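Okay, structure first, notes after.
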Amino acid sequence: MKKPLWTTREYVFAAMISAALLVVASIVIPFTLPLRIPGLTNAVNGLFGSFFLVIGLIRLKKPGSLLLITGIYSLICLSVSPLVFAFVLIGGIFGETVCTILFKGYHGRLAPVCGAVLYEMGMFPAAMVLSFFFLPERYQELAPWIFIVAEIAIFTTSLIGALIGLKVARELSRAGRLQLEES
Amino acid sequence: MFPASGPVNATVIHRLHPFSKMGVGILFSILALCIENPWALAVMLGYMVLVLCTARIRLTTRQWTMIALFLTVIFVLDFLASQSSVHAATYPLRFGVFLTAMPILAATTAPQQMTRALSRTALPAGVVMALLLVWRFFPLMTEEARQMRQAAMLRGRTGGNLPTRFYRGFLVPLAFCVIEYTDRITLALELRGFTPSARRTCHQPPRAGVRDVIFGFLAMGAAGSASFLQWGA
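Those protein sequences? They're chains W and A, same order as listed.
2 is the number of the first residue of the first sequence in my numbering; add one for each residue after it.
49 is the number of the first residue of the second sequence in my numbering; add one for each residue after it.
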């Protein structure tokens, strides 16, 4: 029998990380979405999303890990909206492509942090482009500086989240629940 | 958003092919984004409410209140921003269609139905299994998260400032919970002989029938009426 790319444990871990992302989104989004500030939802969600993504990427390590987690997450988001599915997947593909080219996987500590931050940052422009496609009259008046400020905010919060994730990964490693590479 | 309702064959909506429900959900979600006429959006929302009633999904008073409150907040904020009642009505209605189209149909699809439907696709067996795990464990994890937050609130201010309490009382326990579930589920799956390299077999693959055609036509009718109100009138 052909050896599968991912083991059962890796699929289950990716599924549980996706479930954690969904739990966090279900708590954060109802509070931030009605405020209708561009990028606010992504910035707040990025803080917690990148936290779990870093733990997931540190555990999975293989190239394609980010795409596996975000692919499962996006397919679940399809039950909410096809638009959410599209921008989650685009964010995942963007982060995965850059990290595969630069790091060839998620070994060490920089690659998981970079992957998580790029995913969160990639989602916002994708969401804006898709929103512009459907609602051009609302988004054509959006000033470019708002977009830049939103991206800086997303970068900052997701980096903080990713660094906290790294700290918790160390705690999990000390507890013997996660294998962490020294680099 | 909506609670899973009844057994697999409870109503005609439950018996529909999962992919026909998914198709209608995607059509309505995309159309809702393109439409700006509140009456057209009301037609679509009306159709989804009809589906909700047919599927016998009963929401509690608290859930209805929360939905009404949420949509009212959106209406008020939009009205303050645009000073137009038509514009302010459009956004909550669009949001209403957006939040009902796919979730109602997801709530009426049992995991085993979804497994059977997905097993007929080209998706890898591991991904199908992962999707079902998220489907199954999301409510459990939400409950765990709620209990963690309650426990953190009961501990009060003794655990440091708010970010520290949130970190120690919510994020770290949730991360441990993820690892704990992974270990247990992996063991359970491996003991049952699951392997990602083997294709899943299906005893009763779901097939589209007359009810799917009728459901599709009715949905197309609602979507066509909404499109006519938006672009034709």
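Beta carbons are placed, not taken as given, at the ideal position from N, Cα and C, and that holds for glycine.
As the structure is a prediction and not an experimental result, all values here were calculated from the model.
#### Entry: Under 8 Å by beta carbon: chain A residues contacting W:Ser19
For the purposes of this step, residue 19 of chain W is identified with residue 18 of the first sequence, where counting begins at 1. Simply Ala178, Val182.
### Query
What is the rounded straight-line gap between the Cα of A:Gly2 and the Cα of A:Ala149?
The structure shown has nothing for residue 2 of chain A, since chain A only spans 49 to 281.
### Message
Residues in the same chain with beta-carbon distance under 7 Å from W:Ala154, minus the five sequence neighbours each way, listed in chain order, please.
### Response
In the first sequence, counting from the first residue as 1, residue 154 of chain W sits at position 153. Same-chain partners within the cutoff: Gly40, Ala44.
### Query
W:Gly166: which of A:Leu219, A:Phe214, A:Arg213, A:Pro211 sits nearest, CA to CA?
Indexing the first sequence from 1 puts residue 166 of chain W at position 165. Selected option, being the one with the closest Cα: A:Leu219.
### Task
Find out if the Cβ-Cβ distance for the pair W:Leu61, W:Phe14 is shorter than 8 Å.
As a first step, residue 61 of chain W must be located in the first sequence, where it is residue number 60. As a first step, residue 14 of chain W must be located in the first sequence, where it is residue number 13. Against a cut-off of 8 Å, the Cβ pair of W:Phe14 and W:Leu61 comes out as a contact.
### Task
Report yes or no: is there a C-beta of chain W within less than 8 Å of the C-beta of A:Tyr95?
In the second sequence, the residue the question calls residue 95 of chain A occupies position 47. Judged by the 8 Å Cβ criterion, A:Tyr95 is not in contact with chain W.
### Message
Would you say A:Leu64 lies against chain W (beta-carbon separation less than 8 Å)?
### Response
Translated into positions along the second sequence, residue 64 of chain A becomes position 16. A:Leu64 has a beta carbon lying at 8 Å or more from every beta carbon in chain W.
### Task
Go to A:Phe218, then tell me how far its alpha helix (DSSP H) extends in each direction, as first and last residue.
As a position in the second sequence, residue 218 of chain A is number 170, starting the count at 1. For A:Phe218, there is no enclosing alpha helix (DSSP H), as DSSP marks it with neither H nor E.
### CB contact check: W:Arg175 to chain A, cutoff 8 Å
As a first step, residue 175 of chain W must be located in the first sequence, where it is residue number 174. Not closer than 8 Å to any Cβ of chain A, the Cβ of W:Arg175 fails to qualify, so no.
### Task
Below 9 Å between beta carbons is the criterion; list the residues of the region 164-175 of chain A that meet it against any residue of chain W, in chain order.
Those residues of the region 164-175 of chain A that come within reach of chain W (Cβ to Cβ, closer than 9 Å) are Leu171, Pro172, Ala173, Gly174, Val175.
### Query
What are the start and end residues of the alpha helix (DSSP H) that includes A:Pro66?
Here the question's residue 66 of chain A lines up with position 18 in the second sequence. Counting along the chain, the alpha helix (DSSP H) containing A:Pro66 begins and ends at 66-82.
### Message
For a contact defined as C-beta to C-beta under 8 Å, what are the partners of A:Pro254 on chain W?
### Response
In the second sequence, the residue the question calls residue 254 of chain A occupies position 206. Per Cβ cutoff of 8 Å: no residues; A:Pro254 is ~17 Å from chain W at best.
#### Entry: Endpoints, the alpha helix (DSSP H) within which A:Gly264 is located
On the second sequence, position 216 is the one that residue 264 of chain A refers to. Its alpha helix (DSSP H) spans residues 258-275.
### Query
DSSP state of W:Val81, grouped into three classes?
Along the first sequence, read from residue 1 onward, the residue named residue 81 of chain W stands at position 80. W:Val81 falls in the coil class under three-state DSSP.
### Task
Please decide whether W:Thr9 counts as near chain A, where near means a Cβ-Cβ distance under 8 Å.
Sequence index remark: in the first sequence, residue 9 of chain W carries index 8 (1-based). For W:Thr9, the nearest beta carbon of chain A is closer than 8 Å to its own beta carbon.
#### Entry: Contiguous beta strand (DSSP E) assignments of at least 3 residues, all confined to the region 11-96 of chain W
Qualifying beta strand (DSSP E) stretches: none in this window.
### Task
Could you tell me whether the Cβ of W:Pro83 comes closer than 8 Å to any Cβ of chain A?
Taking the first sequence and counting its residues from 1, the one referred to as residue 83 of chain W is at position 82. True, the Cβ-Cβ gap to chain A drops below 8 Å.
### Query
In whole angstroms, what separates the C-alpha of A:Thr169 from that of A:Pro254?
Position 121 of the second sequence, counted from the first residue, corresponds to residue 169 of chain A. Position 206 of the second sequence, counted from the first residue, corresponds to residue 254 of chain A. A:Pro254 has its alpha-carbon roughly 12 Å from the corresponding atom of A:Thr169.
### Message
Going by beta-carbon coordinates alone, are W:Pro64 and W:Gly106 separated by less than 8 Å?
### Response
As a position in the first sequence, residue 64 of chain W is number 63, starting the count at 1. As a position in the first sequence, residue 106 of chain W is number 105, starting the count at 1. In this structure, W:Gly106 lies closer than 8 Å to W:Pro64 by Cβ.
### Query
Within the chosen definition, does the region 254-269 of chain A reach the region 26-38 of chain W through at least 3 CB pairs nearer than 8 Å?
The region 254-269 of chain A is not in contact with the region 26-38 of chain W.
### Message
8 Å is my cut-off, CB to CB: does W:Leu179 come that close to chain A?
### Response
Taking the first sequence and counting its residues from 1, one reaches residue 179 of chain W at position 178. Closer than 8 Å to some Cβ of chain A, the Cβ of W:Leu179 qualifies, so yes.
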